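Every number in the working numbering is 71 more than the matching position in the sequence shown, counting from 1.
Note that beta-carbon positions come from the ideal geometry of N, C-alpha and C, so glycine has one too.
Only a predicted model underlies this, so the values are computations on that prediction, with no experimental measurement involved.
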Amino acid sequence: MTTSFLCRTCGETHEGLPTDYAWKLPDEVWAIPEPDRAQQARWDADCCQLGERCFIRCVLRIPFQSRTGSYGWGIWVEVSERDFYRYVELYSEDARSEPPIDGIVANGIPCHDGSLGLAVSVQFGTAQHRPTVIASPDGGHSLAIEQKQGMSNERYHEVLVATGAIR
Ligand SMILES: [Zn+2]
Numbered sequence: 072m073t074t075s076f077l078c079r080t081c082g083e084t085h086e087g088l089p090t091d092y093a094w095k096l097p098d099e100v101w102a103i104p105e106p107d108r109a110q111q112a113r114w115d116a117d118c119c120q121l122g123e124r125c126f127i128r129c130v131l132r133i134p135f136q137s138r139t140g141s142y143g144w145g146i147w148v149e150v151s152e153r154d155f156y157r158y159v160e161l162y163s164e165d166a167r168s169e170p171p172i173d174g175i176v177a178n179g180i181p182c183h184d185g186s187l188g189l190a191v192s193v194q195f196g197t198a199q200h201r202p203t204v205i206a207s208p209d210g211g212h213s214l215a216i217e218q219k220q221g222m223s224n225e226r227y228h229e230v231l232v233a234t235g236a237i238r
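Structure representation (structure tokens):
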């Protein structure tokens, strides 16, 4: 599968560039000065707790319009304590048959104003796959529109610039 394309925005051929971008922590936790962070929050690669607030690492996939595959935003989503512990309980199982849960996006996604705090649905996955985020079409947020219509090469160029993959 070739991943290169001639970009009409900049005239370059983009090749072998990232098709995902992930956050280590929810923005609010990342904003806590480093010396205090570990006292106020606890986290690993998939779960984070800040006081009584709970977050899980998910992936929001945007299909590419003119190539196979999708772009994956590796975002944190705030969920209820109950759903958080359900996630932990099912962590090493195939949880795809679980009903979707409600969540709130906990990272500001580049190229998508107003993504921080956006209400979304989360679908648990298999033991090998992170939960997936579904942006609700209600409200017409750009994430929901792009998740439905796909990411054009022009948008991909913008995303590559915004995430620092290209200048
Ligand atoms: Zn380009």
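- A distance below 7 Å between beta-carbons, with the five flanking residues on each side excluded, links A215 to the following residues of its chain, in chain order: A206, S207, P208.
- Taking 7 Å as the cut-off, one finds at least one heavy atom of ligand 1 near enough to the beta carbon of E83.
- By the CB criterion at 8 Å, I133 and N178 fall outside the cutoff.
- With fewer than 16 other beta carbons inside 10 angstroms of its own, D107 counts as exposed.
- Pairwise C-beta distances place the segment 155-163 out of contact with the segment 226-237, as fewer than three of them are shorter than 8 Å.
- Burial state of T90 is buried, judged by a 10 Å Cβ sphere holding 16 or more other Cβ atoms.
- Take the alpha-carbon of H212 and the one of I175: they are about 14 Å apart.
- For Q120 against G221, the beta-carbon gap comes to about 35 Å, at or over 8 Å, which does not count as contact.
- Relative to the Cα of W101, the nearest Cα in the group F126, L88, E83, H85 belongs to F126.
- With a cutoff of 8 Å on beta-carbon distance, V148 and V193 are scored as near each other.
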